[in-house]
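Notes follow the structure.
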Amino acid sequence: MLLSVDNITVHYSRLPALREVSVFVDEGEIVCIVGPNGAGKSTTLLSISGVLNPTSGDITFDGKRINGMSPEAVARAGISQVPEGRHVFTTLNVEENLRIGTSIRQDRSDIEKDFKKVLEIFPVLAERRKQAAGKLSGGEQQMLVIGRALLTSPRIMTIDEPSLGLAPNLVDRVYETLLELRKDRGLTLLIVEQSSERALKSADRLYVLRSGQMQLEGNVADLQDGEKVRQAYFGFEESTTDDDEVAF
Amino acid sequence: MIEANTPLLRLVRTFWPLIILSLALLIIVAIVDFTGDIILAQTLVEGLVRIVIVAALYIFIGNSGIISFGHIGFMMIGAYATAWQTCCPYTREMFMPGLPVYLLNNTHHFIPAILLGGLLAAVAALITGLAIMRLSGIAASIGTFALMMVFYSVYLRWSTWTSGASSVVGLPTTTTPWVGYVYAVITLAAAFLYSRSKWGLALRASRDDEVAARASGVNVFRQRLLAFVVSAFFCGMAGGLFGHFLGMLTVDSFHLSMTFITLSMLVLGGMQSLSGAVVGVVVLSFVIDVLRRLETGVGNFSIPTSSAEVFVGITIILILIFRPSGITGNAEIYWPFKADVSASAAMKRQS
Amino acid sequence: MDYIIQTVISALSFGSFYALGALGIGLLFSVLRLINFAHGDFITIGGFALIVPSSAVVATVLIGGFHPVLLVICVVAIVIIVALLSYFLVFQHVQNSSPATMMIVSFALGYTLQNIILMIYGGRPKAVNIFPELTGQVQISDGVSVQILQLVIIAVTWILLIALVLFLRRTKVGVQMRAAAEDFRMARMLGVNGKSVIALAFILSGLLAGIMALLFVTQTGVLTFRMGTPIMLFFFIATVIGGMGSLVGAVVGGYAVGIVSVVLAAVLPGDIRIFRDALVFLIVIIILLGRPQGLVLTKSAKDRV
Ligand SMILES: Nc1ncnc2c1ncn2[C@@H]1O[C@H](COP(=O)(O)OP(=O)(O)OP(=O)(O)O)[C@@H](O)[C@H]1O
Ligand SMILES: [Mg+2]
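Chains as they are written, first to last, in the working numbering: chain A, 42 to 289; chain B, 0 to 350; chain C, 5 to 309.
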């Protein structure tokens with residue numbers, strides 16, 4: 042097991058945002074966590090990255106305990122996060138943004154190779170190399186942050202809502218890229234999404250999180266009809282209300 | 000255990016923090032009065048004046064969450080306004096020749112003088128607050144800082160009214176321990192009542208979540224302005240007390256170090272509770288006093304000159320490092336007897 | 005005409021000095037949200053480092069008597085060490101507190117430093133004479149002469165500004181620092197070492213304070229334990245006017261304050277001129293009301309203020 046989140050509880054103030062949540066990810070897998078607003082998905086990823094500290098439970102990566110480590114140490118260990126809301130450095134240009142991703146690496150020659158590769162994957166970034174990142178469109182910024190995270194040469198990449206604010210065709214492109222990266226470099230992915238539709242298409246395994254608690258865990262192959270996911274997502278009370286408007 | 004079911008007990012419980020604080024101060028004042036130690040009495044009066052200042056700071060800072068660096072300016076306004084009415088009838092014209100004829104020729108009693116001093120500070124707060132209370136967060140803090148500097152620079156240069164860079168001396172030393180005690184209790188009561196009033200509640204709501212408070216109809220600007228004016232009034236009175244404690248006034252005493260020491264007291268005790276304000280004053284005054292005594296020498300032992308200030312600075316830093324929300328952790332003193340949960344929860348305010 | 009040129013140079017040199025000070029504060033604010041009121045006292049320490057620690061009336065020069073190059077290096081190194089120590093011993097432990105709490109901590113630190121100086125050196129002002137050749141006048145055209153030091157201040161400021169810009173744009177750590185200033189958490193999640201970036205900001209801020217100490221003492225020729233406070237206030241205003249956290253803003257703010265105070269001193273009639281400081285602070289309030297984020301708006305400042 043590459044990454045294992047074991048029964049973590051996380052508090053912002055007095056109320057827990059996560060209660061005894063467990064997630065595990067095997068090498069080479071694509072795992073997806075879905076859940077409604079405020080479920081605790083971002084909280085889970087931020088805890089993995091060392092930004093938040095669980096009050097109880099353990100997080101281990103490659104056999105080593107990583108909770109309590111600083112965000113930069115977690116990044117060095119090989120976990121790279123693309124957080125919710127992009128977070129490009131707007132005053133830095135595109136190239137500088139990408140270079141920040143390489144700050145933890147020592148392997149000079151490989152850095153240059155990877156740098157070229159990222160620009161090949163996202164040719165738009167090559168065109169805009171010297172432009173301030175704040176002036177990129179939303180989709181371009183999303184590519185930039187994914188490219189930047191890739192340049193840390195992570196063993197696992199966690200992505201918080203890659204489809205947020207993107208046009209459907211762009212979402213497709215992002216996912217295609219992610220799948221290719223997995224194929225080419227054996228990248229492991231932990232993706233957070235609001236809707237399970239995309240997850241059921243691309244992921245190997247799926248978790249459903251609601252109100253800070255894990256509701257369901259399973260192989261995507263076993264969940265294709267969607268009923269179980271729907272029940273876990275909305276809770277049992279609402280599962281009878283057959284509301285087609287809610288594209289979850 | 001005492002069950003709070005009679006009306007009197009319920010009243011006692013509601014005002015519990017205020018009662019405890021006043022009683023504790025009463026005991027201290029009585030003991031010092033009994034010992035007759037003059038130096039101790041001086042320290043005590045200084046501490047009581049600081050309680051007035053810090054409780055006044057609490058009215059604005061504790062409830063609004065905006066750190067104000069400007070209130071010492073209001074204290075100065077009150078101090079000089081009081082001195083204009085009470086100071087040194089024979090030499091007043093020498094120190095403050097620019098005063099209007101009425102003030103030069105008439106001397107008011109200490110109590111109305113101090114109230115007028117507070118009132119002038121409140122008016123100054125109202126006028127300046129109309130502008131500055133529109134700011135939020137750190138911009139508001141910086142605005143109050145600039146305000147203090149404006150007051151300071153004006154009073155420093157306005158020497159026909161303030162004696163400028165030199166001092167006004169010969170104020171009657173009216174502020175005895177008991178006078179200080181009365182004003183301290185009045186200020187604590189005002190601060191307590193204000194923070195329990197609907198205005199105090201509304202302002203705290205805006206402190207905890209400004210957007211939500213606005214959404215539920217709180218006029219944040221007006222509430223801030225009210226607290227600003229009320230706290231300036233008490234700061235102004237504190238200024239009057241201060242002048243009549245020292246017997247003299249200099250503009251320089253109302254500058255950065257006074258601002259910093261009083262703010263430290265508030266933050267040290269726990270910025271969001273009135274008990275914290277008092278605890279901060281008591282603890283820091285005690286530390287300062289002990290160190291000053293060590294500096295002058297106890298027996299054969301003494302510490303180097305101005306090392307007292309060094310230790311005070313280090314103490315403040317250490318407390319803020321190890322207890323960022325203050326000694327009291329922002330909680331009020333609560334009803335110690337078995338009480339229904341809701342009441343004690345209401346007493347302990349959430350941080 | 006001569007008078008105008010002299011006033012312009014004087015305004016530029018004041019502005020340069022304030023710009024350097026505002027930069028020292030802005031650097032720390034941008035990565036740490038700290039308004040460091042001890043910055044003025046760093047400058048004071050740089051000044052007192054020149055003389056032998058003693059409370060004697062007549063100061064004995066120590067570092068102040070070294071070869072100029074060694075003198076500059078020693079003073080700057082001492083101030084940098086003080087700045088770093090203040091990070092590791094003090095600010096590191098409160099960096100998650102509110103900006104207001106950090107501001108009070110920095111006040112407390114400044115107060116402590118001032119009193120340590122007072123304890124060691126005593127309260128009397130001490131005369132120190134360094135670089136005496138700089139306080140002379142130089143003829144720049146017929147009948148117009150200015151103090152050499154004013155030109156030196158302007159030149160040193162621009163050399164430092166250019167060096168800083170190159171550092172922030174061209175070096176890896178410089179780019180990391182800009183990233184951390186904009187979004188500290190994101191930079192850390194990409195592996196940028198938060199502690200080193202902040203330590204670096206303290207080093208740069210100490211470097212500026214050390215150089216300013218030399219310029220300031222050359223100008224005034226006196227050391228007092230409180231000399232950092234009044235100049236610190238002007239740096240602070242400059243930072244606020246320019247926009248907290250924006251380095252360009254700090255420079256703009258510094259020049260604005262320098263120019264405004266020199267111009268006010270030149271144009272105000274005598275009996276109002278004494279209220280110049282009050283006017284400057286009034287202008288600060290007016291600017292705050294109009295643009296709470298300062299004159300130069302940065303994205304990070306917008307999120308923060
Ligand atoms: N900084 C914070 N301070 C306090 N509470 C927070 C904070 N961030 C999140 N929360 C709370 O924690 C809970 C989980 O939030 P989280 O951001 O993890 O949800 P999410 O699943 O990512 O939601 P979304 O799909 O809207 O991004 C929510 O109830 C939220 O209100
Ligand atoms: Mg989220």
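Just so it is clear, CB atoms sit at the ideal spot from N, CA and C, and this is done for glycine as well.
Beta strand (DSSP E) containing residue i: first to last residue?
i: F92 of chain C; result: Note, F92 of chain C: premise wrong, no beta strand (DSSP E); not H, not E.
i: N100 of chain C; result: N100 of chain C -> no beta strand (DSSP E), and no H or E assigned at all.
i: V148 of chain C; result: V148 to Q151
i: S121 of chain A; result: I120 to V123
By DSSP's criteria, residue i is part of a beta bridge. Which residues make up the other side?
i: H52 of chain A; result: A:P57
i: D99 of chain A; result: A:D47
i: C73 of chain A; result: A:I232 and A:L247
i: N134 of chain A; result: A:A173
i: F65 of chain A; result: A:S45
i: L248 of chain B; result: B:V167
i: I55 of chain C; result: C:V65
Using the three-state DSSP reduction, which class does residue i fall into: helix, strand or coil?
i: L38 of chain C; result: coil
i: A60 of chain C; result: coil
i: K130 of chain C; result: strand
i: D201 of chain A; result: strand
i: I107 of chain A; result: coil
i: N260 of chain A; result: strand
i: F229 of chain C; result: coil
i: K347 of chain B; result: Below a pLDDT of 50, predicted positions are generally treated as unreliable, and K347 of chain B, at 43, falls in that range; the measurement from the model is reported next regardless. DSSP places K347 of chain B in coil when its eight states are reduced to three.
i: I66 of chain B; result: coil
i: I326 of chain B; result: coil
i: V129 of chain A; result: coil
i: I332 of chain B; result: coil
i: A288 of chain A; result: Any reading at A288 of chain A must be qualified, since the residue scores a pLDDT of 44, below 50, and its modelled position is unreliable; the value itself is stated next. Coil, per DSSP.
i: M248 of chain C; result: coil
i: L168 of chain C; result: helix
i: I121 of chain C; result: helix
i: F300 of chain B; result: strand
i: S304 of chain C; result: Confidence at S304 of chain C is low in this model, with a pLDDT of 46, below 50, so the placement of that residue should be treated as unreliable; the coordinate-derived value is given next. If DSSP states are grouped into helix, strand and coil, S304 of chain C belongs with the helices.
i: Q254 of chain A; result: strand
i: V11 of chain B; result: helix
i: V65 of chain C; result: strand
i: S263 of chain B; result: helix
i: R173 of chain C; result: helix
i: D339 of chain B; result: Residue confidence for D339 of chain B is low, a pLDDT of 47 falling below 50, so the modelled location carries little weight; the figure read from the coordinates is stated next. Here D339 of chain B sits in coil by DSSP.
i: V80 of chain C; result: helix
Could you tell me the boundaries of the alpha helix (DSSP H) in which residue i lies?
i: M193 of chain C; result: F188 to M193
i: V288 of chain C; result: R280 to G294
i: S21 of chain B; result: W15 to T34
i: I313 of chain B; result: S306 to F321
i: S215 of chain B; result: Where S215 of chain B is concerned, there is no enclosing alpha helix (DSSP H), given that its DSSP letter is neither H nor E.
i: V142 of chain C; result: It is not in any alpha helix (DSSP H) - V142 of chain C instead sits in the beta strand (DSSP E) that spans Q141 to S145.
i: Q182 of chain A; result: G179 to L191
i: I145 of chain A; result: Unbroken run through I145 of chain A: none, as it is neither H nor E.
i: E221 of chain A; result: P209 to R226
i: M93 of chain B; result: R91 to F94
i: Y193 of chain B; result: P176 to R195
i: A55 of chain B; result: I37 to L56
i: H43 of chain C; result: H43 to F52
i: N104 of chain B; result: V100 to N104
i: L138 of chain C; result: From DSSP, L138 of chain C is part of no alpha helix (DSSP H); its letter is neither H nor E.
How about residue i: is its C-beta nearer than 7 Å to some C-beta of chain F?
i: S144 of chain A; result: No chain F appears in this structure, whose protein chains are A, B and C.
Note to self: Residues around ligand 1, please: the ones whose beta-carbon is closer than 5 Å to some heavy atom of it, in chain order.
What the structure shows: A:Y53, A:A58, A:N78, A:G79, A:A80, A:G81, A:K82, A:S83 and A:T84
Note to self: So within the region 123–165 of chain B, which uninterrupted alpha helix (DSSP H) runs reach at least 4 residues, ignoring any that extend past its ends?
What the structure shows: 136–156 and 158–161
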